[in-house]
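Report on one structure; see the data block that follows.
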Amino acid sequence: MPIWKGCVELVKAAEKLNIVIVGTGYVGLTTGLALGYLGHRVTCVDKAKEIIDKLDRGISTIYEPGLEELLRDSGKTVTFTENMIDYLPEADLVIIAVGTPSKSNGDTDLSFVEAVAREIGQAMDPASPPLIVNKSTVPIGTARRVQSVIKEELEHRGASGNFCVASNPEFLSEGAALHDTFYPDRIVVGAEDIQAFNLIRQMYAPILEQTFTPPQAVPRPEGYSLPALVTTSPTSAELIKYTANAFLATKISFINEFATLAEKVGADIVEVAKGIGLDKRIGPGFLSAGVGWGGSCFPKDVRSILFTGSQYNCELQLVQTALEVNQRQHKKIIEKLQQTLKVIRGSTVGVLGLAFKPNTDDIRESPAINVIRELLDMGARVKAYDPIAREKYRQAYPDQDLVYCESAMDSARESDALVILTDWDEFRHLPWAEIGESMSSKIIIDGRNMLSSEDLIRSGFIYSGIGR
Ligand code: UDX
Numbered sequence: 004m005p006i007w008k009g010c011v012e013l014v015k016a017a018e019k020l021n022i023v024i025v026g027t028g029y030v031g032l033t034t035g036l037a038l039g040y041l042g043h044r045v046t047c048v049d050k051a052k053e054i055i056d057k058l059d060r061g062i063s064t065i066y067e068p069g070l071e072e073l074l075r076d077s078g079k080t081v082t083f084t085e086n087m088i089d090y091l092p093e094a095d096l097v098i099i100a101v102g103t104p105s106k107s108n109g110d111t112d113l114s115f116v117e118a119v120a121r122e123i124g125q126a127m128d129p130a131s132p133p134l135i136v137n138k139s140t141v142p143i144g145t146a147r148r149v150q151s152v153i154k155e156e157l158e159h160r161g162a163s164g165n166f167c168v169a170s171n172p173e174f175l176s177e178g179a180a181l182h183d184t185f186y187p188d189r190i191v192v193g194a195e196d197i198q199a200f201n202l203i204r205q206m207y208a209p210i211l212e213q214t215f216t217p218p219q220a221v222p223r224p225e226g227y228s229l230p231a232l233v234t235t236s237p238t239s240a241e242l243i244k245y246t247a248n249a250f251l252a253t254k255i256s257f258i259n260e261f262a263t264l265a266e267k268v269g270a271d272i273v274e275v276a277k278g279i280g281l282d283k284r285i286g287p288g289f290l291s292a293g294v295g296w297g298g299s300c301f302p303k304d305v306r307s308i309l310f311t312g313s314q315y316n317c318e319l320q321l322v323q324t325a326l327e328v329n330q331r332q333h334k335k336i337i338e339k340l341q342q343t344l345k346v347i348r349g350s351t352v353g354v355l356g357l358a359f360k361p362n363t364d365d366i367r368e369s370p371a372i373n374v375i376r377e378l379l380d381m382g383a384r385v386k387a388y389d390p391i392a393r394e395k396y397r398q399a400y401p402d403q404d405l406v407y408c409e410s411a412m413d414s415a416r417e418s419d420a421l422v423i424l425t426d427w428d429e430f431r432h433l434p435w436a437e438i439g440e441s442m443s444s445k446i447i448i449d450g451r452n453m454l455s456s457e458d459l460i461r462s463g464f465i466y467s468g469i470g471r
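Numbering (our numbering), first residue to last: 4 to 471.
Written out as structure tokens, the structure reads:
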């Protein structure tokens, strides 16, 4: 019988829980494997048979440092299945971690979340309900919406029951997903029931108290202190997630806007960012000027919170401007190529980096998509290289007629210019003098400000960064 049913106030921290996680994307899979590693009995559910088949065979469906290792050792605690129904009766918690894509008007498509809620309502035991936890990034009010969908399904069955829906937004960042799960800054829980808080606290107890032995692939960072537990209402928890992402996206757009001014006045934005980031009130993170933010979260979540604002007649002007600055930022690379190459039509441009950021194969809303599309539209030949994301890019954009290269060197060979769009570490250590020799002309546009301009200029390159 689920612990949840008879749970009163404090729970035994050592008790292991039965957890069902629906959705095996970055959030669901990472959370599932981490909770399994901590000893809970986890069932990861996904409707996509090909994903479950792969995970069952120990093959990760996403690239994420440390994930393969955890997957390999997960046999005893983690089960993968297409069908959650068999696992619901025993579940203490059901975590919803399915996708919440954008609609064309910026609103969030909740159909996957609602479908999971319906399935839960159709199959759960009303006499012994699990705690439902929303981990997907969802608009304000979704915890209530999930509650009412489940209730509706129970009523269809002629049943009723007391159950609770909590909000537990996820802050992991791709490329460091396991690290952020095991060593978060904070865990946010929104609920209206003390038992829900207790159960979630129990689930995260090893993380909150850091009592686990770190996995070899994900060591505990030196000096890491215990994460804070923020307990609040579901609505505040939902808003915390959007506010965090809107703030970080705005911080990047802010520095990108000043990068444009820095270029005009002859300052170096890298120095400026360092100079302001040392002020503890500002902080050094998310001040790297560059080609702009992308990924599966910032663009979608910024659009979503703008939509929510508009529904409440509350225009979020700063966030709106952050989005516009970001759209302008994507165009900077083309402008810089026009300034240096002059004529783009007929030229060959090497592109280094397709992923929206390093250490991931995720290309969703990557700046590379717009830059490459524009280059192709302008008549350039594009030779692209990415250490991990090439295949995903090729599958997602089969219509883009570009040459996929096996190495950075390949991409540079006989190119008229090179542009860096993702700050993969390997790009820092390339033999730049040799690369320069293989190019038709030595032009480099460093969209991530990751290289030493002095070194490249010394090797005969025309170097252009962002805001330098
Ligand atoms: C983000 C949030 O950081 C995370 O907390 C949330 O859960 C999901 O969204 P993620 O999208 O994985 O995570 O990547 P992040 O590292 O935040 O970078 C987002 C984008 O901003 C990337 O395109 C990155 O290149 C860009 N970026 C980041 C900058 O341009 N400059 C910076 O200083 C930092």
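Heads up, the beta-carbon is just placed ideally off N, CA and C, and yes, glycines get one too.
Residue 255 has its CB nearer than 7 Å to a heavy atom of the ligand UDX.
Two segments are said to touch when three or more pairs of C-beta atoms, one from each, lie closer than 8 Å; by this definition the stretch 375–393 does not touch the stretch 451–471. As the crow flies, the alpha-carbon of residue 257 is around 7 Å from that of residue 325.
Per DSSP, residue 186 lies in no alpha helix (DSSP H) and is assigned neither H nor E. Beta-carbon to beta-carbon, residue 417 and residue 442 are separated by about 7 Å, close enough to satisfy the 8 Å threshold. Counting C-beta pairs with one atom in each stretch, the stretch 306–326 and the stretch 430–438 have fewer than three that are closer than 8 Å, which means they do not touch. Cβ-Cβ distances below 7 Å link residue 280 to 286, 287, 290 in the same chain, with the five nearest sequence neighbours on each side left out; the list follows chain order. For residue 297, the distance from the CB to the nearest heavy atom of the ligand UDX is below 7 Å. Inclusion of residue 360 in the 7 Å shell around the ligand UDX follows from its C-beta lying nearer than that to a non-hydrogen atom of the ligand.
In this structure, residue 422 lies near residue 374, with their beta-carbon atoms less than 8 Å apart. Beta-carbon to beta-carbon, residue 95 and residue 133 are separated by about 6 Å, close enough to satisfy the 8 Å threshold. Residues 181, 184, 185 of the same chain have their beta carbon placed closer than 7 Å to that of residue 37, with the five preceding and five following residues left out of the count. Ranked by Cα distance from residue 208, the options 246, 42, 118, 391 are led by 42.
In the assembly as shown, residue 358 is a buried residue. Its beta-carbon has 16 or more other beta-carbons within 10 Å. When 369, 203, 311 are compared, the shortest CA-CA separation from residue 332 is found for 369. Two segments are said to touch when three or more pairs of C-beta atoms, one from each, lie closer than 8 Å; by this definition the stretch 51–61 touches the stretch 70–89.
Residue range 231–235 is occupied by the beta strand (DSSP E) that includes residue 232. Taking C-beta separations shorter than 6 Å and ignoring five residues to either side along the sequence, the partners of residue 187 in its chain run 230, following chain order.
Just so you know, the alpha carbons of residue 262 and residue 339 end up roughly 14 Å apart.
Beyond the five residues adjoining it in sequence on each side, residue 366 comes within less than 8 Å, by CB distance, of 357, 358, 359, 372, 392, 395, 396, 399 in the same chain, given in chain order. In the DSSP annotation of this structure, residue 30 is not part of any beta strand (DSSP E); the continuous alpha helix (DSSP H) holding it starts and ends at 29–40. Residue side-chain check: residue 173 places its Cβ nearer than 7 Å to a non-hydrogen atom of the ligand UDX.
In this structure, DSSP gives residue 392 a state outside helix and strand, which the three-state scheme calls coil. The three-state reading of DSSP puts residue 111 in strand, counting E and B together. When DSSP states are grouped into helix, strand and coil, residue 135 belongs to the strand group. In terms of Cα proximity to residue 456, the closest of 68, 272, 87 is 272.
Taking residue 444 as the centre and dropping the five residues before and after it, the same chain places the C-beta of 419 closer than 6 Å to its C-beta, in chain order.
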